[in-house]
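Be aware that the sequence shown starts at -2, since it is given in my numbering, and climbs by one per residue. We put the beta carbon where it would ideally sit given N, CA and C, even for glycine. Structure first, then comments.
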Amino acid sequence: MLVGAGLSQSAQADVVADARRLEELGFDLLSITDHLTGRRPTLETWTQLTWVAAKTERIGIATNVLGLPYRSPAVLAKMAESLDRLSGGRLILGLGAGGNNDEFRALGLPVRTPREKIDGLEEALQVIHGLWTEGSFSFQGNTYRVEEAQLEPKPERRIPIWLGTYGARALELTGRLADGWLPSMPFMPPKKHVERRDIVRKAAENAGRDPAEITFAYNIAVQIG
């Protein structure tokens, strides 16, 4: 079992000291959420993750989870390869279809229907995996397109992709294509978590995968003292 902790996005926090403390305490990974707009002063997720990766040595680093509409999946594939390489293979790429429509609307980004979000998430996974594995990759989807794109160097390992998903179609997609499932307790109570986990496992089996290859993670809030 792996144990991780969330790192504050606050621009006022000493994020390096906090990350080093988590490493000293023996945590397996640290993760950062992805919210770009709001009244609270915050840091941009990928910049913060890169900064703390450079200031730590062992602890895994994860996005928990990136809002897909914020970044092109083709560009994200390049970003992930670079950070995983520079951090010594410590990255877990957490992705979400984009749950907060108010944030996307505020930044002038497309606000998609629930079906469009899951369709886009599947296309993004195809684009990312294609660029990570093929010499010259083209893809024509309804949401994303790339034409004879070449990403070099290729990842030195299979970078894990964990999905923060909840609905039936998204869970089926997770079982087919993802390396991990990363829901959060407020949106997925423990009893429901067990039921939805079985959907992911069944989808993996139907796709000819071993469900044991999928990491089942769970975001919970813990208050101490």
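Per the C-alpha coordinates, the member of A165, N216, F184, I217 positioned closest to D195 is A165. In this structure G35 is exposed. Its beta-carbon is surrounded by fewer than 16 other beta-carbon atoms within 10 angstroms.
For E113, no beta strand (DSSP E) segment is defined; the enclosing uninterrupted segment is the alpha helix (DSSP H) at 111 to 130. Your pair D25 and G1 checks out as a contact, with CB atoms roughly 6 Å apart and the cut at 8 Å. With respect to T53, E20 sits close: the two C-beta atoms are nearer than 7 Å.
Positions of the beta strand (DSSP E) runs, each at least 3 residues long and wholly inside the stretch 138 to 162, are given as 142 to 146, 158 to 160 in order along the chain. DSSP places T171 in the helix class (H, G or I) of the three-state scheme.
When the beta-carbon positions are compared, E149 and S135 stay at least 7 Å from each other. Assignment of F101 by DSSP, reduced to helix, strand and coil, places it in the helix class. Going by C-alpha positions, V13 is about 31 Å away from L118. In the DSSP annotation of this structure, the continuous segment of the alpha helix (DSSP H) that includes T42 starts and ends at 42 to 51.
Sixteen is the threshold: since fewer than 16 other Cβ atoms of the shown chains lie within 10 Å of the Cβ of L104, the residue is exposed. Per DSSP, A2 is one residue of the beta strand (DSSP E) stretching across 1 to 3.
In the structure shown, N203 adopts helical secondary structure according to DSSP, grouped into three states. Cα atoms of R102 and V108: separation of roughly 6 Å, rounded to the nearest angstrom. In terms of CA proximity to F184, N216 leads the group N216, I125, R142, L106.
Bounds of the alpha helix (DSSP H) holding A77 are 70 to 83. I196 sits in a helix when the DSSP states are folded into three classes.
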